[in-house]
Amino acid sequence: MPRLLDVCGLTKRYGGLVAVNDMSFSIAPGEILGLIGPNGSGKSTVMKLIMGIEKPNAGVVKIEGVDVAGWPSHRIARQGVGIVFQHSRPLHRQTVLENIKLALLPDSLTQLVAASHIDDRAHAIAKRVGLGAVTQRRPGTLPFADLRRLELARAIARDPKIVLVDEPFAGLTAGEVRDFSELIASFRHDGHAVLLVDHNVKGIAALVDRAIAMYLGEFVAGGTAQEVLTNETVRRVYIGGRIETAARPPRDTAASDRLLDVQDLSVFYGKAQALEDVSLHVGAGEFVSVVGLNGAGKTTLFNAISGLVPSQGSIAFDATNLAGRTAAQIARGGIVQCPESRELFGDMSVRENLDLGGQHLPRAKSAAQLEWLLELFPILKSRHSQAARTLSGGEQQMLAIARALMMQPRLLILDEPTLGLAPVILEQLSRALEKLRQTTDITILLGEQNVTFALPHADRVYVLEHGRFVWEGDPQRFAAEAGDAYLS
Amino acid sequence: MKAFAIPLLVAALLALLPLGVGGYVLGLLTLAYYFGVFAMSWDLLFGFAGEVNFGPSFLIGLGAYSAGLLNHSFHLPIWICVIAGAFTAVVGGVLLAVPALRLSGPYFGLITLVAVLLLQNAIVLFAGITGGEIGLDIPDIISIDDSTNYWVALGFMTVSGMILFGLSRSSVGLILQASGQDAIQAGALGFNVTKHKLAAFCVSALFSGLAGAMLIFYMGTASPGTVVEIGVGVQVIIAAVLGGRRTILGAALGAIFLIVAGELLRPLGQLSTFVVSAVALLVILFFPGGFLGTALHRGEG
Amino acid sequence: MQFLQILIDGFAISSLYGLGAIGFTLIFGVSGVLNLSHGAIMVSAAVVAWAVAGSLNAGPYLGALAGVAASVVIAFATYLLVVRPIQTSRRIPREEKEIFVLTGTLLWGIMLQEAIAYFFTSNPKTVRPLIAGVVNIIGVRTPNQEILTAVLSWLVIGALWLLVNRTRQGKTLLAASINPRGLTLLGFELSSIYLFVWGLYGLLAGIAGVLLGAFLGVSSDNVGTLTASAFSIVVLGGLGSVSGSLLGAYVVGYLETITAYVISPSIRTIPVLLLLVLVVYLRPQGLLGRR
């Protein structure tokens, strides 16, 4: 069967960083392929390379035999590729119908009035995606799911041979997910093909014919959705290997012990709901892990606690409600976050980064704290005066944690510290955390996709999925109850 | 086509003014109408293509001076000079835009500013031909009669306005808007964004140059202080933002408001510019949609 | 002989340009704002210094102090009344904030310019020199004020370097220009940092303005050219790079001086403009820019 999309040896480098390395795959007409991977795996870059938004350094992208690699995106679009971006950006001052009509216009400078059939076609497309009733409304008045439908409408307007969809179900309710799945599935009946890109294998497993898993820019596994889900390498990359827990001394967490108490927390990004009525508590001295795949909402949860995003519900720290506090106040008050992006000062040295962390302390205390941290993370000592951005991934992570610890936090929030790190670094990190727990009374809230890392230290575990907690309990029970359901 | 009705009605009413109003007011409004075309051309570029031109007086000046020089040195008839002026402005605009569109944000703005300064310096440098800072004497003028000048200006503004407004509402205008708002998305929908922005620049240059040329044939002189000043360019920007960006017609309103207000505030002397700038600043802070934009506000979401 | 004159004059004017440009770059690097009212703030400082020294008969030193103080006040006003309201406005879409800030500072600059012209007329004013007299440098008669300009400029630049690289506050500023979010996570209130940087900017622009007023004299007509100069220097050197601004200042200062002496003073800005166009097209990040 002739292939609709043929990708061969696709490579993209950003300076020294290889984002995509020698990716090859193909899609046949009528097929739905899922491209999955965690943050930083290169899946979004592959999509952008196909669409021409980025130019590849090497490789071939053939659409029905025509190599479009390196073409500007508008030419690739006219060649028969459509894309649904992750974030909806319609023209706000135009109606839904006009937004769809835009997608049907020819790339002409002189055609001032749209051809008559465009109007009918726009209506037909609107009906097909379920927007038939709201064609005269403006995007600002529509609910989130309809905005996503509009994006889909614009992508399929000119009947492209291939549709690329980035995170098709993010922010949708279960019912909306079903509708969307049907819409996407209907596309294959016309002999067209779909490439879905997502973090979550589980979410798109039902929809795809085949799946490909990526990690750090490279192909990891391919096959049917089931095969990829159960693939050893994929499981290791996603959840870190076999789930092992050490016996932990039972802790009695009386309600009065709650250092952090979050009740009915909800967060909205525009119309999309990222967290839904989430409640969690962390006792003083406890180590709590929140596990969940990328996109589940861990970062949103932590950002809400740190005051970086607005939220509804209540967040209490040490029995005081945090509402109305600025993010900097919350950090000075004892909750320090080490985010997934680390947010280091790249051009400044290791020493300077750490010093900034200790700026709120009197000089003597800051110096002592620095000493102690350099003992805890000896590798930072040797890289003392190096610029932060010249450190390796693992070293940067340790610097980020050390810098956060310079503030002597009572609650340390760690968001995905293991992302993109080699196993030997994970070992070091794990040991550092252990030592931290043994020598101080620090409380830790950890968010991780890598269950193998998250479990051994934890006193309690929460499982976050699509913005909601679906399980809570201690690590022993997790392996027995939630472990299998986690990926599949 | 409903949207054209009200502006045309207003234009028709304005055409009746010379029957009851004196030469002084007519002269003021004539100036304002030419200014209106400057501002509307600017809005096409900014409000739709999303490119901020900090030196519209570059295009205006090119049109004005090329038309003026042809008339002054070669005594060519007005209408040939005006067309030549517009053409020169378009060529100048393309030469500026092709490389400039590769630049982002502040750099594009800087280049447009530099273009004005370079033109200014060139005029002063070649003062022998151009009359330097004192200006160029234009032998031919459109008319001595205030009413005739008024109607010519009004007619010109109305026709230009209808064309520019029509463009903004057309399919091409829609593509332009998409290009300005989200170039990546527009590219993914199959539109060559650079091509469209360049075209917008040309249209803007055409009307700016045309208006600049016509202006000097109304005033009878051309000098850097009136058509190539950065200050003039700033006034154009203020007019468009005051009137309401992305409305085209709002820009004309803003221009008329500015010229009339500047005149009414003349008794204040030096402070008149201060007051106008202050008002413009307040409008930016509290009514970023401008007069027309705020009036037509329709829950953009 | 003329060569020495060019060397000395060029050095003095470049040092002054450098001081002004550093302030401009600082605001861009930390606050993200291209302040188009820069020239107006400098001229305000000079005019206040002139007014206090002359009309109020307080002498040049008090005048200079008053000028710098006025500059700090105006800088704060620029941030609190114009820049911050636009940056935090909910009515302006995020993509357009930069353009609105640019236009806002432009308008504010015009307001300042007109106010100066109104209260003090647009006649050029020369601030009475802090050190009178002339000195002979290898045959070139140089006003003491000119030497003072260069020396003071470099003292201030040196002090700034010490501040940024050796003090805690300075390191915070540097960090803010690299990663403001990182600072928030470490418990720093960005709003205080921004206030500090605008105050610092006011100080720098004020000193530069007063020195300029004593060296060359100022009038409200200079406002646009000063802003354009600073803007050009900073783009030439690299937006956000302090050392780049210094380098750019010397390139521009010397280019202008050479043109003025060798060809004609009236077209001294042309080579600079042409150079700027070249740089923007060939190397848009500037000579030492990193972004």
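Chains as they are written, first to last, in this note's numbering: chain A, 1 to 488; chain B, 1001 to 1301; chain C, 2001 to 2291.
Don't be surprised by glycine CBs; every beta carbon is placed ideally from N, CA and C.
These numbers were taken from a predicted model, which means no experiment stands behind them.
- Interface residue (Cβ-Cβ distance to chain C less than 8 Å): Leu1265(B) is not classified as such.
- Only those residues of the region 423 to 438 of chain A whose C-beta falls short of 9 Å from the nearest C-beta of chain C would be listed, and there are none.
- Arg2268(C) sits in coil when the DSSP states are folded into three classes, being neither helix nor strand.
- At least one beta carbon of chain C lies nearer than 8 Å to the beta carbon of Thr326(A).
- Using a 10 angstroms sphere on the CB of Tyr14(A), the tally of other CB atoms stays under 16, which defines it as exposed.
- Residue nearest to Leu301(A) within the set Thr326(A), Leu356(A), Leu445(A) and Ile156(A) is Leu445(A) (criterion: CA-CA distance).
- Leu1296(B): not part of any alpha helix (DSSP H); DSSP gives it neither H nor E.
- Distance from the CA atom of Gln273(A) to the CA atom of Gly171(A), rounded to whole angstroms, is 6 Å.
- At a cut-off of 8 Å between beta-carbon atoms, Gln1185(B) makes no contact with chain C.
- Contact with chain B is absent for Val2218(C), since none of that chain's Cβ atoms lies less than 8 Å from the residue's Cβ.
- Straight across, the Cα-Cα distance linking Ile2233(C) with Leu2026(C) is about 13 Å.
- Sequence-distant Cβ neighbours of His87(A) in its own chain, meaning closer than 6 Å and more than five residues away, do not exist here.
- Between Gly9(A) and Gly59(A) the beta-carbon gap is near 4 Å, inside 8 Å, which marks them as a contact.
- Residue contact with chain C for Ile1230(B): present (Cβ-Cβ distance below 8 Å to some residue of chain C).
- Residue pairing by DSSP places Cys1202(B) opposite no residue, since no beta bridge is assigned to it.
- Just so you know, the alpha carbons of Ser341(A) and Asn39(A) end up roughly 11 Å apart.
- When Cβ-Cβ separations below 8 Å define contact, Glu472(A) makes no contact with chain B.
- Remark: C-beta atoms of Ala1278(B) and Trp1042(B) do not approach each other more closely than 8 Å.
- Going by beta carbons, Leu102(A) and Ala1178(B) fall inside the 8 Å limit.
- In chain order, Met398, Ala402 and Ala432 place their CB closer than 7 Å to the CB of Phe377(A), counting only its own chain and leaving out the 5 sequence neighbours on each side.
- Chain A places no beta carbon closer than 8 Å to that of Leu1206(B), leaving this residue out of the contacts.
- Cα atoms of Ile1083(B) and Glu98(A): separation of roughly 36 Å, rounded to the nearest angstrom.
- Looking at the DSSP output, Glu472(A) bridges to Tyr462(A).
- Within the region 2166 to 2195 of chain C, those residues whose Cβ lies closer than 8 Å to any Cβ of chain A are, in chain order, Arg2168, Lys2171, Thr2172, Leu2174, Ala2175, Ile2178, Asn2179, Arg2181, Gly2182, Leu2183, Thr2184, Leu2185, Leu2186, Gly2187, Phe2188, Glu2189 and Leu2190.
- In the three-state reduction of the DSSP assignment, Phe453(A) falls in the helix class.
- Following the DSSP letters along the chain, one finds Glu448(A) inside the beta strand (DSSP E) bounded by residues Thr443 to Glu448.
- Taking the C-beta atoms as reference points, Ala331(A) is found no nearer than 8 Å to Met406(A).
- The C-beta of Arg2084(C) comes no closer than 8 Å to any C-beta of chain B.
- Counting C-beta pairs closer than 8 Å gives fewer than three between the region 369 to 383 of chain A and the region 2202 to 2209 of chain C, which falls short of the contact rule.
- Where Glu343(A) is concerned, there is no enclosing beta strand (DSSP E), because DSSP gives it neither an H nor an E.
- Counting only runs that start and end inside the region 1229 to 1295 of chain B, the alpha helix (DSSP H) elements of at least 4 residues fall at 1230 to 1243, 1249 to 1264, 1271 to 1286 and 1290 to 1295.
- Counting only runs of 3+ residues, the beta strand (DSSP E) found wholly inside the region 39 to 79 of chain A occupies 58 to 63, in chain order.
- For the C-beta of His360(A), the chain C residues within less than 7 Å are, from N- to C-terminus, Gly2187.
- The beta carbon of Leu344(A) falls within 8 Å of a beta carbon belonging to chain C, placing the residue at that interface.
- Counting C-beta pairs closer than 8 Å gives fewer than three between the region 2181 to 2190 of chain C and the region 2029 to 2037 of chain C, which falls short of the contact rule.
- Here the region 454 to 470 of chain A makes contact with the region 291 to 301 of chain A; the two share three or more CB pairs at distances below 8 Å.
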